[in-house]
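Student: Residue 183 in my numbering is what sits at position 168 of the sequence shown, and the numbering runs on without skipping anything.
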Amino acid sequence: KQFHLGMFEIGRPLGKGKFGRVYLARERTSSFICALKVLYKSELQHGTGVEKQVRREIEIQSNLRHPNILKLYGHFHDSKRIFLILEFAGKGELYKHLQRENRFPEWKAAQYIAQMASALSYLHRKHVIHRDIKPENILMGIHGEIKISDFGWSVHAPNNRRKTLCGTLDYLPPEMIKSGSKDNWYNEKVDLWSLGVLTYEFLVGEAPFEDTPIMTQKRIARADMTIPEWVSKEAKDLIKKLLVLDPEKRLPLDEVQNHPWIIKHCVKGERKSDREKLSLK
Ligand SMILES: COc1cccc(-c2nc(Nc3cc(C)[nH]n3)cc3ccccc23)c1
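#1: If you reduce the DSSP assignment to three classes, tell me which class CYS281 lands in.
#2: Mapping DSSP to helix, strand and coil, what is HIS139?
#3: Could you spell out where the beta strand (DSSP E) holding MET7 opens and where it closes?
#4: Can you list, in chain order, the residues of its chain whose CB lies under 6 Å from that of SER57, leaving out five sequence neighbours each side?
#5: May I ask you to check if the CB of GLY32 is nearer than 7 Å to at least one heavy atom of ligand 1?
#6: Decide if the segment 112 to 124 is in contact with the segment 206 to 224; the criterion is three or more beta carbon pairs, one per stretch, under 8 Å apart.
#7: Mind checking PRO275: buried by the 16 CB within 10 Å criterion, or exposed?
#8: Specify the secondary structure class of LEU210 as computed by DSSP and reduced to three states.
#9: Sort PRO28, PRO188 and GLN272 by Cα distance to GLU263 and report the nearest one.
#10: Straight-line CA distance for HIS112 to ALA238?
#11: To the nearest angstrom, how far is the alpha carbon of VAL37 from that of LYS52?
#12: Roughly how many angstroms separate the alpha carbons of ILE97 and ARG146, rounded to a whole number?
#13: Can you have a look at TRP298 and say buried or exposed, based on whether 16 or more other CB atoms are within 10 angstroms of its CB?
#14: Do the CB positions of LEU257 and LEU210 come within less than 8 Å of each other?
#15: Compute every distance between the C-beta of GLU102 and the non-hydrogen atoms of ligand 1, then say whether any falls below 7 Å.
#16: On a CA-only basis, which of GLU221, ILE229 and PRO228 is nearest ILE116? Give me that one, please.
#17: Looking only at its chain, what residues have a beta carbon closer than 8 Å to the beta carbon of LEU59, apart from the 5 residues adjacent to it on each side?
#18: With distances taken Cα to Cα, identify the nearest neighbour of SER194 among ALA132, GLN232 and ALA129.
#19: Rounding to the nearest angstrom, what Cα-Cα distance links GLU42 and ASN83 in this structure?
#20: What does DSSP give as the partner residue(s) for LYS149 in the beta ladder?
#21: Expressed to the nearest angstrom, what Euclidean distance is found between the alpha-carbon atoms of ALA129 and SER94?
#22: By Cβ distance below 7 Å, which residues in the same chain neighbour HIS81 in space, the five residues on each side in sequence not counted?
#23: Nearest-angstrom Cα distance between LYS162 and GLU244?
#24: Out of HIS90, ARG71, PRO120 and CYS49, point me to the one whose CA is closest to ALA104's CA.
#25: Where do the N-terminal and C-terminal ends of the beta strand (DSSP E) with ARG115 fall, by residue?
#26: Identify every run of the alpha helix (DSSP H) within the segment 205 to 268, keeping only runs that are complete inside it and at least 4 residues long; order them along the chain.
#27: If you follow the alpha helix (DSSP H) that ARG70 is in, where does it begin and where does it stop?
Structure representation (structure tokens):
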């Protein structure tokens with residue numbers, strides 16, 4: 016399908032991402048609502064990581080279909096700009112909601128982590144590692160479902176990309192902090208660590224290793240964090256099983272999805288009494 020700018024009515028600017036602006040848009044013939052991300056080629060210097068990052072984002076995200084992953088419907092460009100036609104998530108950036116609410120109640124945090132685990136499990140089955148899981152890269156749909164966006168840092172198979180440490184260090188796993196062997200950078204277990212950091216931040220309202228940049232790196236390398244005593248023991252258990260230094264020892268995603276904390280808050284539909292009947296059988 017060939018897309019071009021004339022096909023869209025451009026609505027209000029939704030906001031500025033790190034490499035371009037995002038507008039609400041409507042496709043004229045179908046009246047389909049989407050979000051149009053505009054990137055200026057001038058800002059993507061040729062041959063720099065950013066241009067490759069955008070190409071990778073397009074290549075990876077356009078082949079993904081999952082309710083908790085923001086869809087990329089297509090892309091096109093003109094002389095000066097690249098346009099990404101993205102799914103519109105009506106409730107915007109998750110981190111804004113987290114800022115406003117300070118922290119999420121356990122039932123809400125568990126539902127978000129269950130959705131993230133489902134999306135990551137789908138990505139890993141397709142050998143895609145996101146590598147940049149954090150609240151800033153998660154959007155919220157109109158029904159409160161969350162959607163991973165921004166695949167700029169995701170990778171397909173192992174490759175020799177250097178990750179420039181832009182933005183927060185809080186979510187980096189120890190293997191990406193240590194200068195040692197780089198092949199661990201391309202092990203999907205890095206997303207498990209970030210899922211643990213995300214779980215902590217949803218419940219506590221700040222990242223587990225938040226400190227000065229130097230101290231953050233030291234604390235990550237030692238998995239040096241304290242979980243407040245008011246966090247439930249089930250939630251504590253899950254965080255501790257994800258924030259493990261050895262990538263191979265981190266709780267696999269299928270066990271995250273079956274963890275008691277997730278089951279307790281996410282098995283929707285049947286009432287507790289029915290659940291007891293089921294387990295008594
Ligand atoms: C920096 O603030 C930014 C930047 C980019 C988008 C938003 C934003 N986005 C969306 N939805 C989106 C965005 C995309 C790519 N798909 N669906 C909705 C919003 C609602 C209120 C405020 C802001 C919103 C903010």
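Backbone N, C-alpha and C fix where the C-beta goes; we use that ideal spot for every residue, glycine too.
What you are looking at is a predicted structure, and each value in this text was computed from that prediction instead of being measured.
Tutor: On the basis of the data shown:
#1: For this step, residue 281 is matched to residue 266 along the sequence shown. Three-state result, CYS281: helix.
#2: Translated into positions along the sequence shown, residue 139 becomes position 124. Correct three-state label for HIS139: helix.
#3: Shown here, the chain extends from 16 to 296; a query on residue 7 therefore has no answer.
#4: Taking the sequence shown and counting its residues from 1, one reaches residue 57 at position 42. Contacts found: none.
#5: What you label residue 32 is simply residue 17 of the sequence shown in a count that begins at 1. At least one heavy atom of ligand 1 is nearer than 7 Å to the Cβ of GLY32, so yes.
#6: yes
#7: By one-based count along the sequence shown, residue 275 stands at place 260. Label assigned to PRO275: exposed.
#8: Against the sequence shown, residue 210 aligns to sequence position 195. Note: LEU210 maps to helix in three-state DSSP.
#9: Counted from its first residue, the sequence shown places residue 263 at position 248. Nearest of PRO28, PRO188 and GLN272 to GLU263, Cα basis: PRO188.
#10: As a working mapping, residue 112 is identified with position 97 in the sequence shown. As a working mapping, residue 238 is identified with position 223 in the sequence shown. Approximately 27 Å between the Cα atoms of the pair.
#11: Numbered from its first residue, the sequence shown carries residue 37 at position 22. Numbered from its first residue, the sequence shown carries residue 52 at position 37. The alpha-carbon atoms of VAL37 and LYS52 are separated by roughly 4 Å.
#12: Within the sequence shown, the letter at position 82 stands for residue 97. Within the sequence shown, the letter at position 131 stands for residue 146. Roughly 24 Å between the two C-alpha positions.
#13: Only positions 16 to 296 of the chain appear in the structure, and residue 298 is not among them; the question remains open.
#14: As a position in the sequence shown, residue 257 is number 242, starting the count at 1. As a position in the sequence shown, residue 210 is number 195, starting the count at 1. Closer than 8 Å, so yes.
#15: The residue you call residue 102 lines up with position 87 of the sequence shown. GLU102 Cβ: within cutoff of ligand 1.
#16: Along the sequence shown, read from residue 1 onward, the residue named residue 116 stands at position 101. A small correction: the amino acid at residue 116 is Glu; Ile does not occupy that position in the sequence shown. Minimum Cα distance to GLU116 is reached at GLU221.
#17: Residue numbering aside, residue 59 sits at position 44 when the sequence shown is read from its first letter. Excluding sequence neighbours, LEU59 sits near PHE34, VAL65, GLU66, VAL69 and ILE97.
#18: Position 179 of the sequence shown, counting from 1, holds the residue named residue 194. Checking every option, the nearest Cα to that of SER194 belongs to GLN232.
#19: One-based indexing of the sequence shown puts residue 42 at position 27. One-based indexing of the sequence shown puts residue 83 at position 68. Near 23 Å, if we compare the C-alpha coordinates of ASN83 and GLU42.
#20: Within the sequence shown, residue 149 is the residue found at index 134, counting from 1. BP columns for LYS149 are empty, so no partner.
#21: For this step, residue 129 is matched to residue 114 along the sequence shown. For this step, residue 94 is matched to residue 79 along the sequence shown. C-alpha separation (whole angstroms): 42 Å.
#22: Along the sequence shown, one-based indexing puts residue 81 at 66. So the list reads ALA134 and TYR137, once near-sequence residues are dropped.
#23: The residue you call residue 162 lines up with position 147 of the sequence shown. The residue you call residue 244 lines up with position 229 of the sequence shown. Approximately 30 Å, taken between the alpha carbons.
#24: One-based indexing of the sequence shown puts residue 104 at position 89. Measuring from the Cα of ALA104, the nearest candidate turns out to be CYS49.
#25: Stepping through the sequence shown from its first residue, residue 115 is reached at position 100. Where ARG115 is concerned, there is no enclosing beta strand (DSSP E), although the alpha helix (DSSP H) it sits in stretches over 109 to 116.
#26: 228 to 236 and 248 to 257
#27: Indexing the sequence shown from 1 puts residue 70 at position 55. Element bounds for ARG70: 64 to 76.
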